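The sequence shown begins at 129 in our numbering and counts up by one. Read the structure below first, then the notes.
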Amino acid sequence: MNETYMGFYGRDELLAALNELLEAERAGARVALRTMAECTDERLIAQMQTLHRDEARWCGMLINAILQLHGLPSKRTGMFYEKAMAIEALPERLAFLIVGQKWVTRKLQGLLPNVRNESLHVSLTAMLVAHERAIVTAQQEVGL
Numbered sequence: 129m130n131e132t133y134m135g136f137y138g139r140d141e142l143l144a145a146l147n148e149l150l151e152a153e154r155a156g157a158r159v160a161l162r163t164m165a166e167c168t169d170e171r172l173i174a175q176m177q178t179l180h181r182d183e184a185r186w187c188g189m190l191i192n193a194i195l196q197l198h199g200l201p202s203k204r205t206g207m208f209y210e211k212a213m214a215i216e217a218l219p220e221r222l223a224f225l226i227v228g229q230k231w232v233t234r235k236l237q238g239l240l241p242n243v244r245n246e247s248l249h250v251s252l253t254a255m256l257v258a259h260e261r262a263i264v265t266a267q268q269e270v271g272l
């Protein structure tokens with residue numbers, strides 16, 4: 129039976145969703161790296177290092193998933209990068225990073241019920257849990 133008929137995403141739809149997430153994760157990684165270079169607060173630097181490491185990890189996972197589906201990983205960086213870097217004040221940029229993390233969690237929550245591949249489902253679920261934890265940590269750091 130056709131996966132699309134059963135309510136699961138077809139290959140093209142899944143590749144589009146994974147590439148959209150890849151572009152967003154790449155944007156988050158770049159924002160963390162640039163923010164780290166701009167700040168002097170050791171706690172914030174450590175937080176950005178953790179965020180950068182996590183975002184890079186998910187970029188790698190998404191690239192591998194796209195390749196396993198015989199797709200072409202996007203080389204683009206999401207528009208979130210430009211928007212975040214336009215925010216000069218670091219506290220406001222951090223708050224905007226939380227908005228970006230929440231966007232990713234919503235995308236993942238919408239995507240997961242449509243993913244039939246068990247291995248990919250497990251990886252995307254781990255990504256969702258990690259982003260949910262990152263949101264809680266970041267909110268505590270900025271006092272939200």
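C-beta: ideal position from N, C-alpha, C; glycine also. As the structure is a computational prediction, the values presented were derived from the model and not from experiment.
Start-end ranges of the beta strand (DSSP E) lying completely within the region 217-262, minimum 3 residues: none
Supposed close pair residue 162, residue 213 - CB separation, criterion 8 Å: Your numbering for residue 162 matches position 34 in the sequence shown. Your numbering for residue 213 matches position 85 in the sequence shown. The Cβ separation is near 6 Å, so the contact holds.
C-beta atoms of residue 180 and residue 157 nearer than 8 Å: Numbered from its first residue, the sequence shown carries residue 180 at position 52. Numbered from its first residue, the sequence shown carries residue 157 at position 29. Going by C-beta atoms, residue 180 is nearer than 8 Å to residue 157.
Opening and closing residue of the alpha helix (DSSP H) in which residue 136 lies: Position 8 of the sequence shown holds residue 136. Per DSSP, residue 136 belongs to no alpha helix (DSSP H) and is neither H nor E.
C-beta atoms of residue 194 and residue 225 nearer than 8 Å: Against the sequence shown, residue 194 aligns to sequence position 66. Against the sequence shown, residue 225 aligns to sequence position 97. Not closer than 8 Å, so no.
Where residue 163 falls: helix, strand or coil (DSSP): Counting from one through the sequence shown, the residue named residue 163 turns up at place 35. Of the three classes helix, strand and coil, the one that applies to residue 163 here is helix, per DSSP.
When 151, 238, 183 and 228 are compared against residue 203, the one with the closest alpha-carbon: Position 75 of the sequence shown, counted from the start, is the residue given in the question as residue 203. Residue 151 is the option with its Cα nearest to residue 203.
Through-space distance from residue 245 to residue 130, alpha-carbon basis: Reading the sequence shown from its first residue, position 2 is the one you call residue 130. Reading the sequence shown from its first residue, position 117 is the one you call residue 245. Legend: pLDDT at residue 130 = 46, less than 50; position of this residue unreliable, value from coordinates given subsequently. C-alpha separation (whole angstroms): 14 Å.
Beta-carbon proximity check, residue 266 vs residue 182, cutoff 8 Å: The count along the sequence shown starts at 1 and reaches residue 266 at position 138. The count along the sequence shown starts at 1 and reaches residue 182 at position 54. No, the pair does not count as a contact, with Cβ atoms beyond the cut-off.
Cα-Cα separation between residue 164 and residue 220, rounded to whole angstroms: On the sequence shown, residue 164 is found 36 positions in, with the first residue counted as 1. On the sequence shown, residue 220 is found 92 positions in, with the first residue counted as 1. Answer to the nearest angstrom: the Cα atoms are 15 Å apart.
Contact under 8 Å by Cβ, residue 233 with residue 249: For the purposes of this step, residue 233 is identified with residue 105 of the sequence shown, where counting begins at 1. For the purposes of this step, residue 249 is identified with residue 121 of the sequence shown, where counting begins at 1. For residue 233 and residue 249, no; Cβs fall outside 8 Å.
Contact set for residue 177: own chain, Cβ-Cβ below 7 Å, skip 5 residues either direction: For the purposes of this step, residue 177 is identified with residue 49 of the sequence shown, where counting begins at 1. Excluding sequence neighbours, residue 177 sits near 164.
Three-state secondary structure (DSSP) of residue 205: Translated into positions along the sequence shown, residue 205 becomes position 77. DSSP places residue 205 in coil when its eight states are reduced to three.
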